[in-house]
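**Student:** Got a structure for you, questions after.
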Amino acid sequence: MTVKTLAIAADHGGVELKSAIIDTLKKRGVEVLDLGTDGSASVDYPDFAQAVAKTIIDGKAEAGILVCGSGIGMSMAANRYPQIRAALVHDRLSAELCRQHNNANVLCLGARLLGDATALDCVDAFMSTEFEGGRHEGRVAKMSCSV
């Protein structure tokens, strides 16, 4: 995936992993928009999922990463937006497949479930894998429709 600018956010459960991801992406030359949070005070994950979704929808970033304790809440909140295809992944293969088959534009990670090395491997796979198109295009289009 060609990404010049990536939006990233986390709730209080994902702050440390978010920082590690930002450092890695900046070393790769990716412009990172850090949309918070930055501390351990309890915050509401839907607010941060919305911030990343809005940034992508508004064209200020091509993709996003969301981190919370499990990744579940962030993925559910982000997928409320028809333009967003957020995928909760747990390993490199699921990160590759979410790009190849689903053209995911938001990667969701669970900081309490993944070690940093696995999470960074997922980020690498997400960023380096292209959408296959073809037979997957019609399915992806159906996910972007309003009901």
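The sequence shown maps to residues 923 to 1069 in the working numbering.
Backbone N, C-alpha and C fix where the C-beta goes; we use that ideal spot for every residue, glycine too.
Keep in mind that this is a model prediction, so the values were computed, not measured.
Enumerate, from N- to C-terminal direction, the unbroken beta strand (DSSP E) stretches of 3 or more residues contained entirely within the region 996-1033.
**Tutor:** DSSP runs (the beta strand (DSSP E)) wholly in the region 996-1033: 1008-1010, 1028-1032.
**Student:** Look up residue 953 in the DSSP assignment and say whether it is helix, strand or coil.
**Tutor:** Here residue 953 refers to the residue found at position 31 when the sequence shown is read from its first residue. Correct three-state label for residue 953: strand.
**Student:** Using the C-alpha atoms, what's the distance from residue 942 back to residue 1014?
**Tutor:** Against the sequence shown, residue 1014 aligns to sequence position 92. Against the sequence shown, residue 942 aligns to sequence position 20. For residue 1014 and residue 942, the distance between alpha carbons rounds to 17 Å.
**Student:** Using a 10 Å radius around the Cβ and a threshold of 16 neighbouring Cβ atoms, would you call residue 924 buried or exposed?
**Tutor:** For this step, residue 924 is matched to residue 2 along the sequence shown. So residue 924 ends up on the exposed side.
**Student:** Alpha carbon to alpha carbon, how far is residue 970 from residue 1057?
**Tutor:** The residue given as residue 970 occupies position 48 in the sequence shown. The residue given as residue 1057 occupies position 135 in the sequence shown. Straight-line Cα distance between these residues: approximately 33 Å.
**Student:** Taking C-beta to C-beta, are residue 1035 and residue 992 nearer than 8 Å?
**Tutor:** Position 113 of the sequence shown, counted from the start, is the residue given in the question as residue 1035. Position 70 of the sequence shown, counted from the start, is the residue given in the question as residue 992. For residue 1035 and residue 992, yes; Cβs fall inside 8 Å.
**Student:** Comparing C-alpha positions only, which one of 950, 949, 1020 sits nearest to residue 1061?
**Tutor:** For the purposes of this step, residue 1061 is taken as residue 139 along the sequence shown, with counting starting at 1. Of the candidates 950, 949, 1020, the one whose C-alpha sits nearest the C-alpha of residue 1061 is 1020.
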